[in-house]
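To keep things clear, I will list the structure first and then write my remarks on it.
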Amino acid sequence: MEEPLVDLLIRPPGFMAVSKVVAMIFGPTEMALRALPFVAGVAAVAFAPALARRLFSASPARLLFVAVIALHPCATSFAKEFKPYEVSLTLHLALTLLTLRYVETRRARDLAWALGFAFLGGPFAQDLVFAYPGVFLVLGYEAFRHKRRHLLAIAVCAVAIMTVLALQYVLIWSRFTSDDTEFWAHKYRVFHTGSRQTYLEWL
69 MEEPLVDLLI RPPGFMAVSK VVAMIFGPTE MALRALPFVA GVAAVAFAPA
119 LARRLFSASP ARLLFVAVIA LHPCATSFAK EFKPYEVSLT LHLALTLLTL
169 RYVETRRARD LAWALGFAFL GGPFAQDLVF AYPGVFLVLG YEAFRHKRRH
219 LLAIAVCAVA IMTVLALQYV LIWSRFTSDD TEFWAHKYRV FHTGSRQTYL
269 EWL
């Protein structure tokens with residue numbers, strides 16, 4: 069509530085900005101701070117059947133997929149916490165659904181929805197970068213085969229996403245101090261520091 073968004077470092081700026089607005093409107097209560105992950109959790113369960121229909125042809129597989137999304141203890145836990153992980157899960161699922169919908173219809177409107185979610189999702193879930201290669205390869209392949217005029221929109225969106233990522237790096241991630249890096253390196257072992265293990269052991 070007190071620090072500017074660029075000082076929140078590893079936390080997704082979009083998630084923190086919306087949470088801050090909700091907290092300013094309704095007060096920084098527990099319910100307000102947990103609202104965004106909760107809504108994301110409900111949304112994930114709501115559109116899981118539509119995604120299951122596009123991913124699987126067998127009814128048992130569809131049922132299992134929806135059950136995993138609805139009942140997985142991590143997803144349930146994330147939907148209750150003031151953390152961006154449930155928003156991230158929901159955005160991954162939504163982006164997959166919208167991409168497959170474009171593959172089915174090849175309509176400009178469905179492409180716009182997929183590209184819009186891809187662009188707006190990045191500031192809300194930093195790990196969405198791992199979905200981008202697959203999403204853009206599928207969108208690009210389908211557009212190349214059937215609707216080449218859509219390729220320009222796909223390319224523009226990809227460049228816009230890279231620009232936003234670069235801005236996040238310049239404004240936020242590059243400001244990590246060595247202490248911050250050490251903390252996160254030791255907490256999640258995401259960086260190789262060489263202090264206690266060889267690179268091969270870390271890898």
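For the working numbering, add 68 to where a residue sits in the sequence shown, where the first one is 1. Just so you know, even glycine gets a beta-carbon here, dropped at the ideal spot from N, CA and C. Quick caveat, the model's predicted, so the values are computed rather than measured.
Residue i to residue j span [Cα, whole Å]
i: L104; j: F150; result: 8 Å
i: C142; j: V227; result: 33 Å
i: F187; j: A199; result: 12 Å
i: L179; j: Y267; result: 42 Å
i: R177; j: M69; result: 37 Å
i: I137; j: A182; result: 21 Å
i: A116; j: L161; result: 8 Å
i: L278; j: D247; result: Residue 278 lies beyond the stretch modelled for the chain, which goes from 69 to 271, so this question has no answer here.
i: K215; j: T173; result: 11 Å
i: A223; j: P201; result: 12 Å
i: W241; j: A126; result: 44 Å
i: V107; j: V238; result: 31 Å
i: F251; j: T245; result: 10 Å
i: I78; j: P96; result: 21 Å
i: I203; j: F133; result: First, the residue type needs correcting, since residue 203 is Val and not Ile in the sequence shown. Answer to the nearest angstrom: the Cα atoms are 20 Å apart.
i: V281; j: M84; result: The question about residue 281 has no answer here: the residues shown for the chain are numbered 69 through 271.
Three-state secondary structure assigned by DSSP to residue i
i: L271; result: coil
i: F124; result: coil
i: A234; result: helix
i: F251; result: helix
i: Q194; result: helix
i: H218; result: helix
i: H160; result: helix
i: F244; result: coil
i: T266; result: coil
Range of the contiguous alpha helix (DSSP H) that encloses residue i
i: K151; result: Run containing K151: none; DSSP gives neither H nor E here.
i: D75; result: Looking at the DSSP string, D75 is not in any alpha helix (DSSP H), and its letter there is neither H nor E.
i: W181; result: 176 to 189
i: H214; result: 200 to 214
i: G82; result: 81 to 94
i: A100; result: 98 to 101
Burial state of residue i (16 or more Cβ within 10 Å)
i: T144; result: exposed
i: P72; result: exposed
i: P80; result: buried
i: E154; result: buried
i: H218; result: buried
i: L235; result: exposed
i: A93; result: First, the residue type needs correcting, since residue 93 is Ile and not Ala in the sequence shown. Flag for I93 reads exposed.
i: I229; result: buried
i: A193; result: buried
i: P191; result: buried
i: A129; result: exposed
i: G184; result: exposed
i: L139; result: exposed
Proximity winner among the options, relative to residue i (alpha-carbon distances)
i: R175; options: D75, K255, E210; result: E210
i: S156; options: K255, Y170, R169, A111; result: A111
i: R169; options: A85, F83, R122, A114; result: R122
i: K148; options: E98, T231, V134, F212; result: E98
i: A120; options: H260, C225, L166; result: L166
i: L205; options: L233, V171, V232, G189; result: V171
i: A135; options: C225, A114, R102; result: A114
Chain D within 8 Å of residue i, Cβ atoms only
i: L233; result: The structure shown contains no chain D; it is built from a single protein chain.
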